[in-house]
Amino acid sequence: MKIGIISDLHIDINQAFPVGTLLADAARRKELSCLAIAGDISNDSAETLKFIEELSSRCGIPVYFVPGNHDFWSANGNEAETWRIWEQYRAHPACLSDKQIALNEDWVLLGEPGWYDYSFGNPRFSRADFELKKQYGRTWQDSLHVNWGRPDIEVHQRMLNRLEESLLAAQGKQVVALIHMVGKKEFTVPESWPQWDYFNAFLGSKDYGELLERFAVRYAAMGHVHFRHTVQSGDTTYFCTCLNYHTQWRSGDPAEEIEQTLQVIDLL
Ligand SMILES: [Fe+2]
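Residue numbers (my numbering): 31 to 298.
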């Protein structure tokens with residue numbers, strides 16, 4: 031069976047392009063048995079869930095996802111709204127959080143959104159600096175639209191614990207894991223790029239990579255950073271499979287960009 035993985039569709043920012051239709055066409059053409067999306071579908075939870083449901087009926091195959099940081103955004107970014115959105119996702123059958131989906135007898139799909147713990151930021155900044163989410167005259171936009179009401183490090187730790195519980199429940203099976211946040215240093219932005227010595231702090235945590243490799247996870251898909259990369263580390267093959275904003279597309283052609291981005295894994 032073949033599973034297709036993609037991330038960071040940003041259907042609102044890319045609304046001038048028929049991303050859902052093109053993705054469904056690609057899924058049919060590649061004869062996928064299921065599709066998994068590693069977050070950042072839109073900036074609105076209702077739009078994200080509507081897209082998942084429409085895509086699944088358009089493709090005729092199950093579509094699973096983990097929310098990304100953008101999927102948690104709300105206009106006022108208050109604490110009650112952030113938690114309401116999270117509970118709405120967790121209650122949805124397509125959301126992987128807390129679930130292990132048996133793809134066949136041997137393979138399981140699982141995932142969590144993940145969060146950031148500043149471990150990819152340069153240590154010359156303090157935890158208080160990172161908690162501000164403001165540096166070089168720029169503001170990390172999650173601070174305006176997401177409010178967990180507790181430190182990011184605590185949110186990350188909870189996500190990590192849930193992922194570990196899912197991995198324990200899947201022991202004895204081969205695992206495909208989806209995490210929106212980045213779990214490998216290789217997926218962060220080079221510090222030679224201006225300002226990223228600070229902003230890498232909000233890309234994820236090295237803890238995810240360490241956990242996945244401790245459980246010898248075979249495939250792990252991540253998003254968030256808007257790069258496309260494959261990295262092999264230990265027994266784990268990591269994909270960063272971001273479709274990205276249309277302004278970042280080199281070909282200018284959405285079908286071509288989906289073709290280049292959609293990662294197909296043949297589970298033998
Ligand atoms: Fe993201």
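From the three backbone atoms N, C-alpha and C, an ideal C-beta is built for every residue, glycine too.
Can we count Asn-99 as close to ligand 1, meaning its CB is less than 7 Å from some heavy atom?
yes
Is the number of C-beta pairs between the region 266-286 and the region 43-50 that are closer than 8 Å three or more?
yes
Between His-259 and ligand 1, is the CB less than 7 Å from at least one heavy atom?
no
Indicate the three-state DSSP secondary structure (helix, strand or coil) for Ala-251 in the structure shown.
strand
Is Gly-69 a contact residue of ligand 1, with contact defined as CB to any heavy atom under 7 Å?
yes
Within a Cβ cutoff of 6 Å, which residues of the same chain sit near Ala-250, ignoring the five residues on either side of it in sequence?
Ala-207, Leu-242, Thr-266 and Tyr-268
Continuous alpha helix (DSSP H) stretch holding Arg-258: start and end:
No alpha helix (DSSP H) holds Arg-258; the beta strand (DSSP E) holding it covers 258-263.
Looking only at C-alpha atoms, which of Gly-264, Gln-204 and Pro-220 sits nearest to Phe-150?
Pro-220
With Asp-12 as the anchor, note down where its alpha helix (DSSP H) starts and where it stops.
Since the first residue shown for the chain is 31 and the last is 298, residue 12 is missing from the structure and cannot be characterised.
Inter-residue spacing [alpha-carbon to alpha-carbon] between Leu-79 and Trp-116
12 Å
Name the two residues that bound the continuous beta strand (DSSP E) containing Glu-142.
137-142
Touch test, the region 159-178 against the region 229-246, Cβ-Cβ under 8 Å, three pairs minimum:
yes
Identify which residue in Asn-134, Thr-112 and Glu-84 has its Cα closest to the Cα of Leu-297.
Asn-134
What does Arg-168 pair with, by DSSP beta-bridge criteria?
Gln-165
So Cys-272 is in the beta strand (DSSP E); what residue range does that whole segment cover?
No beta strand (DSSP E) holds Cys-272; DSSP gives it neither H nor E.
8 Å CB neighbourhood of Asn-108 in its chain, flanking five on each side removed:
Asn-177
Quickly, what does DSSP pair Gln-204 with across the bridge? List them, please.
Trp-137
Does the distance from the CB of His-254 to the CB of Gly-234 come in under 8 Å?
yes
For Leu-139, which of Glu-240, Thr-291, Ser-37 and Tyr-94 has the nearest alpha-carbon?
Tyr-94
Relative to ligand 1, is the shortest distance from any of its heavy atoms to the C-beta of Gly-202 smaller than 7 Å?
no
Might you give, ordered along the chain, the residues of its own chain that have their beta carbon closer than 7 Å to the beta carbon of Asn-274, omitting 5 neighbours on each side?
Asp-38 and His-256
Secondary structure, alpha helix (DSSP H): runs of 4+ residues fully inside the region 38-105
49-59 and 75-89
With distances taken between CB atoms, is the gap from Asp-101 to Asp-70 smaller than 8 Å?
yes
Select from Trp-113, Asp-55 and Glu-216 the residue whose C-alpha is nearest the C-alpha of Met-252.
Glu-216
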